[in-house]
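As you go down the protein sequences, you meet chains A and B in turn. Quick note: the first sequence uses the working numbering, first residue 1, plus one each step. Quick note: the second sequence uses the working numbering, first residue 653, plus one each step. In this text, a Cβ means the ideal position worked out from N, Cα and C, and glycines have one as well.
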Amino acid sequence: MLARFFRYSLTSVLIFSGGASQSGAQSLPVAPGYGELNYTLPEAGSYQLPPLGTAADGEVLDTSGHTQRLHQQFGSQYVLLAFIYSTCSDVNGCPLTAHVFYKIKSEMKRDKILARRLKLISLSFDPLVDTPEMLQLYGNNFRYAGNAGEWQFLTTSSEKTLDPILRAYNQQVQRELKDDGSNSAGYSHVLRIFLIDPDKRIRNIYSADFLHHDLLLADVRTLLKQEDQTDTWNRSGSQPLQVSRLSNPGDDKRGYEQTSYRTRSLALELRQGKEADLIRFGTEPPLGLPAIPTPLDNPLSREKIALGRKLFYDRRLSLNDTFSCAMCHIPDQGFTSNELATAVGIEGRSVRRNTPTIYNSAYATLLFHDGREDSLEQQAWGPLLASNEMGNPSIGYVLNKIRQIQEYQGLFEAAFDGKDASMMTLGMALASYQRTLVSGSSAFDRWYYGNDPNALSPGAQRGFRVFAGKGGCVACHTIEKRYALFTDNRLHNTGMGYRSSMGIHPEKEKIIIAPGVFIEVDRAVIDQVGEKPPADVGRYEVTQSPHDRWKYKTPSLRNIVLTAPYMHDGSLGSLKEVIDFYDAGGVPNDLLDPRIRPLNLSEQEKVDLVLFMGSLTGSNVDTLVADAFAAPVGDIGKGDPTWVSGTDVEVK
Amino acid sequence: MALSRSGRCLILSSWLCLGSHSIWAVEAMSGNFALTDQDGQRFQLDQLKGKVVLLFFGYTFCPDICPTELTNLSRVLDTLDGESVQGVFVTVDPDRDTPEVLKDYTDYFNRRLIGLTGSPAQIDRVTQKYRVKFRKLPVPGGSYSMNHPSNLYLIDRTGKLSTIVPYGLPPEHVVDVVRHLLAENL
Numbered sequence: 001m002l003a004r005f006f007r008y009s010l011t012s013v014l015i016f017s018g019g020a021s022q023s024g025a026q027s028l029p030v031a032p033g034y035g036e037l038n039y040t041l042p043e044a045g046s047y048q049l050p051p052l053g054t055a056a057d058g059e060v061l062d063t064s065g066h067t068q069r070l071h072q073q074f075g076s077q078y079v080l081l082a083f084i085y086s087t088c089s090d091v092n093g094c095p096l097t098a099h100v101f102y103k104i105k106s107e108m109k110r111d112k113i114l115a116r117r118l119k120l121i122s123l124s125f126d127p128l129v130d131t132p133e134m135l136q137l138y139g140n141n142f143r144y145a146g147n148a149g150e151w152q153f154l155t156t157s158s159e160k161t162l163d164p165i166l167r168a169y170n171q172q173v174q175r176e177l178k179d180d181g182s183n184s185a186g187y188s189h190v191l192r193i194f195l196i197d198p199d200k201r202i203r204n205i206y207s208a209d210f211l212h213h214d215l216l217l218a219d220v221r222t223l224l225k226q227e228d229q230t231d232t233w234n235r236s237g238s239q240p241l242q243v244s245r246l247s248n249p250g251d252d253k254r255g256y257e258q259t260s261y262r263t264r265s266l267a268l269e270l271r272q273g274k275e276a277d278l279i280r281f282g283t284e285p286p287l288g289l290p291a292i293p294t295p296l297d298n299p300l301s302r303e304k305i306a307l308g309r310k311l312f313y314d315r316r317l318s319l320n321d322t323f324s325c326a327m328c329h330i331p332d333q334g335f336t337s338n339e340l341a342t343a344v345g346i347e348g349r350s351v352r353r354n355t356p357t358i359y360n361s362a363y364a365t366l367l368f369h370d371g372r373e374d375s376l377e378q379q380a381w382g383p384l385l386a387s388n389e390m391g392n393p394s395i396g397y398v399l400n401k402i403r404q405i406q407e408y409q410g411l412f413e414a415a416f417d418g419k420d421a422s423m424m425t426l427g428m429a430l431a432s433y434q435r436t437l438v439s440g441s442s443a444f445d446r447w448y449y450g451n452d453p454n455a456l457s458p459g460a461q462r463g464f465r466v467f468a469g470k471g472g473c474v475a476c477h478t479i480e481k482r483y484a485l486f487t488d489n490r491l492h493n494t495g496m497g498y499r500s501s502m503g504i505h506p507e508k509e510k511i512i513i514a515p516g517v518f519i520e521v522d523r524a525v526i527d528q529v530g531e532k533p534p535a536d537v538g539r540y541e542v543t544q545s546p547h548d549r550w551k552y553k554t555p556s557l558r559n560i561v562l563t564a565p566y567m568h569d570g571s572l573g574s575l576k577e578v579i580d581f582y583d584a585g586g587v588p589n590d591l592l593d594p595r596i597r598p599l600n601l602s603e604q605e606k607v608d609l610v611l612f613m614g615s616l617t618g619s620n621v622d623t624l625v626a627d628a629f630a631a632p633v634g635d636i637g638k639g640d641p642t643w644v645s646g647t648d649v650e651v652k
Numbered sequence: 653m654a655l656s657r658s659g660r661c662l663i664l665s666s667w668l669c670l671g672s673h674s675i676w677a678v679e680a681m682s683g684n685f686a687l688t689d690q691d692g693q694r695f696q697l698d699q700l701k702g703k704v705v706l707l708f709f710g711y712t713f714c715p716d717i718c719p720t721e722l723t724n725l726s727r728v729l730d731t732l733d734g735e736s737v738q739g740v741f742v743t744v745d746p747d748r749d750t751p752e753v754l755k756d757y758t759d760y761f762n763r764r765l766i767g768l769t770g771s772p773a774q775i776d777r778v779t780q781k782y783r784v785k786f787r788k789l790p791v792p793g794g795s796y797s798m799n800h801p802s803n804l805y806l807i808d809r810t811g812k813l814s815t816i817v818p819y820g821l822p823p824e825h826v827v828d829v830v831r832h833l834l835a836e837n838l
């Protein structure tokens, strides 16, 4: 007998064997949470914890017996939520939670931020035994353990209020009955601890094998670290967006990763538009912008603008009558595609580069990212004929089709002095509409050119000073005395294209698996399954001059918060990433523009820069978008030259 | 302080359990009980009034938790040597844990530990009082083990249950709580 006891006492915590053979009982290995981790944790903040769903609410009782909402108990803190029952006999179950929570509670004595921001909650799933009184006896432990941090014990009034909570957290609890079926003698359950953020989103779920205080603390600290960043950027990034009410995706998927998400998708036919007198924007330039340059042979007229507008939204301008200009240059997405890094053309064909916005394209002296066209009139034919954009086989094919569509009868003639639809007039009409999408009179313009000292927030003013000073951004995104195009209409090598051509990629890449849900995927895995990025040498493709490799056009910064994602390949999703890219000095290569160099911007300066860019959204954006909504959407119908099926054809 | 707290608990527990079929429904936790100690003597919890009691339920054939817990408990008792503190071990396996077996056991871990046993009915009454659920689990070979929770019950000097310490908290924590309880009820 004594020998048995002696063996036990050799190890005071980890006891794996001993009297098992004598007593006949099986002893169990003890969970890692009781000891030291035998592996090194990644540094807090060096990894991501994507939201895994919403942490459900429910009705609970506190230790005073008061009814409370679970969410109310979460407050605005980070929460570690454990489901326990006090009479649990599995050492690797509820007592493990107590052990790990105790360790975290001890850490709270040392870490004041942790004590303030994190809350521990043990919620019982045994309302019959775990009355508030019982849980108070538990909680009494920690009256003496210092008052840093909070460890709260909650229960429910009955199984009826408990069950929806268990279901919502996917906690399957089976009541074990005694042999006579009378009284529950215990529960079998799978231990799960939930890490919940202040937005009530579940950020991690721990099972017994992973429940270790070091791991949990690293996760909480990771969220705290990243919160600082997200907060700053959210605050600075979301505010300017409010300048436009209409510039939001028709199917707004923000918050999609939360169970509280309800669709906000808008039916196209319910979307009310309002026609605007567009010619006014072309003839009376807004504050901060010069008169729009118009070719001598294509002065603006209401007829041309209306015709161009009709063509712009006409799906019949594509080979298979499905794809209009507006399907990449989406009006409510900044006249670009906010949801695509690189464009997707007819029948899902990939396009190499990011859709440029049409806002203020009137001022562009070079068009396309590589500047291969120099007038809107000519540019229009690029997408019309590209096999992966609108897919038309020839110029004649487009023109013949339009000439035969009833709705267009007489329109070209009226707009162009009797001239029929031709390569020239079609380009002129489309150019005329696009030229009117001028957008200025932004907060910045009212401050800088309108001399209104209150028009620009202090943060944006600081941002302007970085923009024009330390950041040197203004060297290419130019500002003139009377107006600012925020582009020099030239091409530069920032290293962005070089990096892609040379296959320089981070080891891991963030991949969206559902709106708002990201995972990090190893480069090797992406290379295995992903399509190779298309070759892109930028301006070189136009000039064939080796010096022009990886040069791309400077985009204007007007309406920049509306036109994400950024860069010629849309590879940067946010302005913060763009600023970080330039702050790092781009990507060094032999042809790097000498103006691109490391900037050593502080976090505050970066935030201020974003605030400044947020102030560049034009005052007429919603007018232009509403006008687009009011435009007719051309769709194939009976009588059209390409109408081949429908009710006329009987299918057997 | 202690009185008013436990008084409040009692009212709450009877109010909350109305309508439930729990066998714990109306009875407050803790309170006096009588069993037999390792020397075969009748023992009443009330005998220990004036001391802080560390009460633990287990069984001597327990392969893992009880020895761990008792080693920890023993460490707590050694640390608090000379204080008004008493460790009590109540078996949930009275069939095998006779006073003789208990004496062997408690002598080994800590001579100042009281080991208690009784008839199965007596043990049931005590465990119900403390809401300790246990179950006999047969193991191959005809023997059995006992499934039981491993909480430590701290009873203050007036005989009231003050705190339940879940398994897994370190002995230093228990020492800390006991010292506070000693200071509270002088």
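DSSP state of residue i mapped onto helix, strand, coil
i                      : result
residue 673 of chain B : Any reading at residue 673 of chain B must be qualified, since the residue scores a pLDDT of 37, below 50, and its modelled position is unreliable; the value itself is stated next. Three-state DSSP puts residue 673 of chain B in coil, outside helix and strand.
residue 155 of chain A : strand
residue 774 of chain B : helix
residue 635 of chain A : coil
residue 575 of chain A : helix
residue 460 of chain A : helix
residue 409 of chain A : coil
residue 291 of chain A : coil
residue 767 of chain B : strand
residue 758 of chain B : helix
residue 644 of chain A : coil
residue 195 of chain A : strand
Closest by C-alpha distance to residue i, when choosing among the options
i                      : options                       : result
residue 256 of chain A : A:244, A:201, A:394 and A:606 : A:201
residue 784 of chain B : B:684, B:762, B:805 and B:714 : B:805
residue 803 of chain B : A:606, A:505 and A:138        : A:138
Cα-Cα separation between residue i and residue j, rounded to whole angstroms
i                      : j                      : result
residue 541 of chain A : residue 370 of chain A : 8 Å
residue 124 of chain A : residue 68 of chain A  : 14 Å
residue 297 of chain A : residue 426 of chain A : 14 Å
residue 464 of chain A : residue 318 of chain A : 43 Å
residue 357 of chain A : residue 346 of chain A : 19 Å
residue 173 of chain A : residue 108 of chain A : 31 Å
residue 365 of chain A : residue 313 of chain A : 24 Å
residue 154 of chain A : residue 76 of chain A  : 17 Å
residue 188 of chain A : residue 724 of chain B : 27 Å
residue 226 of chain A : residue 295 of chain A : 51 Å
residue 354 of chain A : residue 285 of chain A : 27 Å
residue 601 of chain A : residue 571 of chain A : 22 Å
residue 633 of chain A : residue 315 of chain A : 7 Å
residue 166 of chain A : residue 206 of chain A : 16 Å
residue 292 of chain A : residue 253 of chain A : 36 Å
Terminal residues of the alpha helix (DSSP H) in which residue i lies
i                      : result
residue 486 of chain A : Element bounds for residue 486 of chain A: n/a, residue is neither H nor E.
residue 109 of chain A : 94-110
residue 708 of chain B : Where residue 708 of chain B is concerned, there is no enclosing alpha helix (DSSP H), although the beta strand (DSSP E) it sits in stretches over 704-710.
residue 629 of chain A : 621-630
residue 501 of chain A : 496-501
Residue i: first and last residue of the uninterrupted beta strand (DSSP E) it sits in
i                      : result
residue 695 of chain B : 694-696
residue 80 of chain A  : 78-84
residue 510 of chain A : 508-514
residue 610 of chain A : Unbroken run through residue 610 of chain A is the alpha helix (DSSP H), 603-614; no beta strand (DSSP E).
residue 798 of chain B : 796-799
residue 731 of chain B : It is not in any beta strand (DSSP E) - residue 731 of chain B instead sits in the alpha helix (DSSP H) that spans 717-731.
- Query: Contact between the region 513-521 of chain A and the region 482-491 of chain A: three or more CB pairs below 8 Å?
  - Reply: The region 513-521 of chain A vs the region 482-491 of chain A: no contact.
- Contact between the region 514-532 of chain A and the region 579-590 of chain A (3+ Cβ pairs under 8 Å): no
- Do the region 441-458 of chain A and the region 610-622 of chain A touch if we need at least three Cβ pairs shorter than 8 Å? yes
- So does the region 418-436 of chain A actually touch the region 539-556 of chain A, counting three or more Cβ pairs closer than 8 Å? no
- Does the count of Cβ pairs from the region 739-751 of chain B and the region 765-782 of chain B closer than 8 Å reach three? With a cut-off of 8 Å, the region 765-782 of chain B and the region 739-751 of chain B count as touching, because enough Cβ pairs lie within range.
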